[in-house]
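In the working numbering, the protein residues as written are 2 to 333. Heads up, the beta-carbon is just placed ideally off N, CA and C, and yes, glycines get one too. Structure first, then comments.
The structure is reproduced here in structure tokens:
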């Protein structure tokens, strides 16, 4: 896996580690058994073991504030101390390290494990960092999928192009449907998803990851293309994928699983397009004027694609010979 993909994988596993740590903290708070000395009961240890199995982790170690091993889900783990906990304990930082095959072999993991991400998450009690989790993720399959995706890049790009046209066409059809039909469909969908909210969260998480992988593949290919016109086509496709990815990212993080804060989405979308198309020392700035309203995902995706095109064209053409330009529904 390339350094770019390693960073992406480490970032995603950090988020998963934070989710696990938050879940365990909720268990502790409910039972009020954790103390400033990080004393773990057998019941808490069983909870950690169960969460480790549910999350599909290789191993979870728990250290106290001095770096001493308090508990490990691997009975064969010997007691030892981490001598570099100062950064974690004092600053409360989350740290991750991507291990390639050579490091994995040195750690003695099973032969079918080739890539591992090691993440440290601080444990907080009453505003004080009292220890840290050391969480090991097996990302062998993820790395393998990325490597396979790179080798079949042109096929993936073809599929993505077809999917993009299909999404735009589907969104256009939805815009022209009657209000009554959309309302009935929305009500039926909400009722069907009432008992499947967790599944919906995971779906958005996986869609977001797949879109990010596709965007990264397109950006990687774009960097290798010398023809400016072809590179522009790749960049536009990556930008459109980013607009879709932001929607699923916001759904994944939000407690409201059916609607998106459109003002916040516009801010994130314009920032992403702006970062992608402007140079670091550019004098161009932007300001988004939007009311805080919530829209369903179909409308957000359709509007997001249109805003993406509007901002992209403005950055490419509006500032030639001009110091200031405005772009919005009135000007469009």
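With respect to the C-alpha of residue 160, the residue from 218, 127, 93 and 290 having the closest C-alpha is 218.
DSSP places residue 104 in the helix class (H, G or I) of the three-state scheme. In summary, residue 132 is buried, with 16 or more beta-carbon neighbours lying within 10 Å of its beta-carbon over all protein chains present. At the C-beta level, residue 162 and residue 237 stay beyond 8 Å of one another.
DSSP, reduced to helix, strand and coil, places residue 160 within a helical segment of the structure shown. With a threshold of 16 other beta carbon atoms within 10 Å, residue 152 falls short and is exposed.
Remark: C-beta atoms of residue 46 and residue 72 approach each other more closely than 8 Å.
Residue 247 is bridged by DSSP to nothing; it lacks a bridge partner. Non-local beta-carbon contacts of residue 268 in its own chain, meaning distances under 6 Å to residues more than five positions away in sequence, involve 289 in chain order.
DSSP places residue 69 within a strand segment (E or B) once states are collapsed to three. DSSP, read as helix, strand or coil, puts residue 140 in coil.
Under the DSSP assignment, residue 118 falls in the beta strand (DSSP E) whose first and last residues are 117-126. Taken through DSSP and simplified to helix, strand or coil, residue 129 comes out as strand. Per the C-alpha coordinates, the member of 263, 120 and 94 positioned closest to residue 293 is 263. In the assembly as shown, residue 241 is a buried residue. Its beta-carbon has 16 or more other beta-carbons within 10 Å. Of the candidates 235, 272, 138 and 43, 138 places its Cα closest to the Cα of residue 121.
Between residue 305 and residue 278, the C-beta gap is not smaller than 8 Å, which leaves the two residues out of contact. In this structure, the straight-line span from the alpha carbon of residue 21 to that of residue 56 is close to 8 Å. The C-beta of residue 227 has fewer than 16 other C-beta atoms within 10 Å across all chains shown, which makes the residue exposed. Around the beta carbon of residue 66, 16 or more other beta carbons sit within 10 angstroms, so the residue counts as buried. Across the structure, residue 185 and residue 114 are spaced so that their CA atoms are roughly 49 Å apart. If you ignore the 5 residues before and after residue 295, its C-beta comes within less than 8 Å of the C-beta of 257, 260, 261, 262 and 263, all in its own chain and listed in chain order. Beta-bridge analysis with DSSP links residue 97 to 120. Under the DSSP assignment, residue 310 falls in the alpha helix (DSSP H) whose first and last residues are 298-314. Distance from the CA atom of residue 109 to the CA atom of residue 125, rounded to whole angstroms, is 31 Å.
DSSP places residue 260 within a strand segment (E or B) once states are collapsed to three. Assignment of residue 275 by DSSP, reduced to helix, strand and coil, places it in the helix class.
DSSP places residue 235 in the helix class (H, G or I) of the three-state scheme.
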